[in-house]
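Peer 1:
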Amino acid sequence: MVAEIDQTSSTAVSELAEIFKNSRFTNLKDSEIELEINLTQGVNTFVCKLDAVFKVGARYEIVDWKTGSPPESKEQEQEMILQLALYRFAYSKLRNVPVDQIDVCFYFVGDNTELRPEVVPGPEELMKLWEKLFA
Numbered sequence: 001m002v003a004e005i006d007q008t009s010s011t012a013v014s015e016l017a018e019i020f021k022n023s024r025f026t027n028l029k030d031s032e033i034e035l036e037i038n039l040t041q042g043v044n045t046f047v048c049k050l051d052a053v054f055k056v057g058a059r060y061e062i063v064d065w066k067t068g069s070p071p072e073s074k075e076q077e078q079e080m081i082l083q084l085a086l087y088r089f090a091y092s093k094l095r096n097v098p099v100d101q102i103d104v105c106f107y108f109v110g111d112n113t114e115l116r117p118e119v120v121p122g123p124e125e126l127m128k129l130w131e132k133l134f135a
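Each residue of the sequence shown is one higher than the one before, counting from 1 in UniProt numbering.
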């Protein structure tokens with residue numbers, strides 16, 4: 001049984017690696033990989049684990065890899081976008097880069113699909129949303 005699971009996992013990883021090799025990300029020069037940022041706002045500390053940050057011209061692009069499926073509803077998508085907004089804010093503060101110079105996206109490797117939000121909450125809006133959640 002364990003051998004079957006290991007073989008399935010190995011096959012799945014190989015398939016994901018092959019899909020990734022054919023994505024646009026393989027041609028980008030990564031600036032930072034697996035970057036952990038602790039962002040403290042008020043009494044809350046958010047631990048942000050950025051999968052990859054690429055330097056693209058004068059801009060930065062934060063990519064969060066996902067092995068699952070893209071969101072099925074706009075509501076799910078909006079909730080996920082908060083994660084990207086938080087990552088963008090944290091990276092902006094850490095590297096002193098204006099948030100408007102940072103693009104963000106999810107990459108669903110299994111589907112070879114990018115989810116690039118049209119609108120990402122700015123730092124003030126993001127903190128107001130988090131305050132509501134923690135109230």
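Glycine is no exception: its CB is placed at the ideal position from the N, C-alpha and C atoms.
Would you check if the stretch 54-63 and the stretch 28-39 touch, i.e. whether three or more CB-CB distances between them fall below 8 Å?
Peer 2: These segments touch.
Peer 1: By the DSSP assignment, the alpha helix (DSSP H) with residue 74 in it spans what residues?
Peer 2: Indexing the sequence shown from 1 puts residue 74 at position 74. Where residue 74 is concerned, the enclosing alpha helix (DSSP H) stretches over 74-95.
Peer 1: Mind checking whether residue 65 and residue 107 have CB atoms under 8 Å apart?
Peer 2: As a first step, residue 65 is located in the sequence shown; it is residue number 65 there, counting from the start. As a first step, residue 107 is located in the sequence shown; it is residue number 107 there, counting from the start. The answer is yes: Cβ separation under 8 Å.
Peer 1: Which whole-angstrom value is the C-beta distance of residue 93 and residue 129, which I expect to be below 8 Å?
Peer 2: Residue numbering aside, residue 93 sits at position 93 when the sequence shown is read from its first letter. Residue numbering aside, residue 129 sits at position 129 when the sequence shown is read from its first letter. The pair is not a contact, with the Cβ atoms about 17 Å apart (cut-off 8 Å).
Peer 1: Would you report the Cα separation of residue 8 and residue 101, rounded to the nearest angstrom?
Peer 2: Within the sequence shown, the letter at position 8 stands for residue 8. Within the sequence shown, the letter at position 101 stands for residue 101. Because residue 8 carries a pLDDT of 49, less than 50, the predicted location of this residue cannot be relied on, and the following value inherits that uncertainty. Cα to Cα, the separation comes out at about 41 Å.
Peer 1: When the Cα atoms are used, what is the spatial distance from residue 1 to residue 71?
Peer 2: The residue given as residue 1 occupies position 1 in the sequence shown. The residue given as residue 71 occupies position 71 in the sequence shown. In this prediction, residue 1 scores a pLDDT of 36, lower than 50, which makes its location untrustworthy; no coordinate-derived value is stated.
Peer 1: Within 10 angstroms of the Cβ of residue 85, are there 16 or more other Cβ atoms? Answer buried if so, exposed if not.
Peer 2: Counted from its first residue, the sequence shown places residue 85 at position 85. It is buried - the Cβ of residue 85 has at least 16 other Cβ atoms within 10 Å.
Peer 1: Could you pull the DSSP bridge partners for residue 58 from this structure?
Peer 2: As a working mapping, residue 58 is identified with position 58 in the sequence shown. According to DSSP, which records beta bridges pairwise, residue 58 is partnered with nothing at all.
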